[in-house]
Amino acid sequence: MDIKEILSIILLSLLIICAISVNFTKKLLPAVIIFMSYSSLMCIVWILMESPDLAITEAAVGAGISGTLFLMTLKKIEAEDRKRDEENIQKN
Amino acid sequence: MKKIFKKIKELSSGEIMSNILDGSTEPDPSREQLKEIKKETIKSLEENPDFEAIVERQRKSFNLLYYSFAFIGSVCLIGVLLYLVSMLPRYGVENPRTVEVVKRYVENGLEETGAVNIVSGMILDYRAFDTLGESHVLFTALICVNILLRIDIKNMRSDYEDYYTIKRDVYYDMSHDGVLRLAAFVFSPCILTFGIYILLNGQISPGGGFSGGAVLGAGLILMSAGFGFDKVDKIFTLKINNIVTFSALTFYSFAKGYVFFTGANGIENHIPKGTPGAILSGGLILPLDIAVGIVVACTMFGFYSLFRRGSVASHING
Chain A
20 MDIKEILSII LLSLLIICAI SVNFTKKLLP AVIIFMSYSS LMCIVWILME
70 SPDLAITEAA VGAGISGTLF LMTLKKIEAE DRKRDEENIQ KN
Chain B
74 MKKIFKKIKE LSSGEIMSNI LDGSTEPDPS REQLKEIKKE TIKSLEENPD
124 FEAIVERQRK SFNLLYYSFA FIGSVCLIGV LLYLVSMLPR YGVENPRTVE
174 VVKRYVENGL EETGAVNIVS GMILDYRAFD TLGESHVLFT ALICVNILLR
224 IDIKNMRSDY EDYYTIKRDV YYDMSHDGVL RLAAFVFSPC ILTFGIYILL
274 NGQISPGGGF SGGAVLGAGL ILMSAGFGFD KVDKIFTLKI NNIVTFSALT
324 FYSFAKGYVF FTGANGIENH IPKGTPGAIL SGGLILPLDI AVGIVVACTM
374 FGFYSLFRRG SVASHING
């Protein structure tokens, strides 16, 4: 086994761990962060599979934009602490 | 459920409640009366010892049903997906059924499209109709999100209960955070430049319209998160968004329509291919890349902006 194969095995097992642990995370914010890390791992897997254009798209959309949209939604439905927000507003 | 209804009937001593449950609404009760009756019935139900037992039993049976169905469904889904994966052609092995088209693309791609990057030549020349559909899907998605999430504060009554939450969401800025500000100051120019580079080099190096547009959109998002919406509103308004997206999609449709028309009727088209490897090469690929990239960037930033403050861009400037 060369280094590439070992690396891809490690990455794929991490992918499976990420995919399962998203489902079993009770809190929403850590779930979003795990989802984003899944996308980052997937980006490296795309590079190993010799498709760098998909890797760029995965990094920008999967890890960047969709994660941001999830965080925005969490803010909209007020899943996070509401008090902290209000204190911040009063400060500014 | 029947038992609960019976209980409600028994417990509600007033005539009004029983009338409502029977379906006859002769004595029309006022809202406040109804509310009081509802409160009383709920209170007396909660005090009743049987009520909790009934609810608990129902919850348990529902949970059992729900979990068993979820388990069976997920097991079936996993089985179907694994079976379908086993039917896919193996990765890296040549498959005689699919190799014909691939061979044509790899061998004649550079000659026929003039693009060094074969992937770009494929998605914007051989399969340009696909990409047009994708851009329209993104555009439609932006319109749908706009319909669902758009907020107009001017038209909203101030006694509306969500008024202050929405107002707070609109005016609360993350740009007071020092770390975010510094990160945006350092990284956003680099990301925007990298996005433009990917966009313009689509026919030479890996990348192209969609990736470049996504990177540009991410850069715009970081910029607006770090510096506030005011800075981005100066270069990106609602009017600019509408005009740019519309003209990009129209240009794509007309340019590709011309190529398809000439190709189908055997007429020679007058678009120069250029020397392969130069920036101005690949015929229509570069302008189409730019059009797709602009649509994607506008869509991505529009999503973020709609989720954050309920409008694509400021109404005042646009």
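Heads up: the protein sequence lines correspond to chains A and B, in order. In terms of the working numbering, the first sequence has 109 at position 90, counting the first letter as 1, and numbering is strictly consecutive. In terms of the working numbering, the second sequence has 151 at position 78, counting the first letter as 1, and numbering is strictly consecutive. All C-beta atoms, glycine included, are put in the ideal place defined by N, C-alpha and C.
Against A/G83, the close residues of chain B are A287, A291, I294, in the order they occur along the chain (beta-carbon pairs closer than 8 Å). Collapsing the DSSP output to three states places B/S326 in a helix. Per DSSP, B/T348 lies in no alpha helix (DSSP H) segment and is marked neither H nor E.
For the pair B/Y140 and B/S147, the Cα-to-Cα distance works out to about 10 Å.
Counting along the chain, no alpha helix (DSSP H) covers B/H343, and no H or E run does either. Listed along chain B are P279, each with a C-beta nearer than 7 Å to that of A/P71. DSSP places B/L161 in the coil class of the three-state scheme, outside both helix and strand. Annotation: Cβ neighbours of A/T92 in chain B (cutoff 9 Å, chain order): F380.
With fewer than 16 neighbouring CB atoms inside 10 Å of its own CB, B/A143 falls in the exposed class. With a cutoff of 7 Å on beta-carbon distance, B/Y325 and B/L205 are scored as near each other.
In this structure B/G268 does not touch B/L255 by the C-beta definition: roughly 21 Å separates them, more than the 8 Å allowed. Within a 10 Å sphere around the beta-carbon of B/T348 sit fewer than 16 other beta-carbons, which makes this residue exposed. Around the Cβ of B/R177, a 10 Å sphere holds fewer than 16 other Cβ atoms; the residue is exposed. Among the residues of the segment 132-143 of chain B, none has a Cβ less than 9 Å away from any Cβ of chain A. Taking one beta carbon from each stretch, the segment 281-299 of chain B and the segment 319-336 of chain B have fewer than 3 pairs nearer than 8 Å; the two do not touch.
Taking 7 Å as the upper bound on Cβ-Cβ separation, chain A lies near residues V192 of the segment 167-197 of chain B.
The C-beta distance from B/A188 to B/Q276 rounds to 4 Å, short enough to meet the 8 Å contact threshold.
CA-CA distance, B/P122 to B/S134, rounds to 19 Å. Within the same chain, and ignoring the five residues on either side of B/G350 in sequence, the residues whose Cβ sits closer than 6 Å to its Cβ are V189. Inter-residue distance for B/I344 and A/L93 is about 49 Å (C-alpha atoms, whole angstroms). Shown here, B/S378 sits in a helix according to DSSP, grouped into three states.
Close CB contacts of A/K23 within its chain, under the 7 Å cut and outside five residues either way in sequence, are with L67 (chain order). Residue nearest to B/N274 within the set B/S193, B/D250, B/K116, B/L253 is B/S193 (criterion: CA-CA distance).
Close partners of A/T87 in chain B (Cβ separation under 7 Å): I294, Y377.
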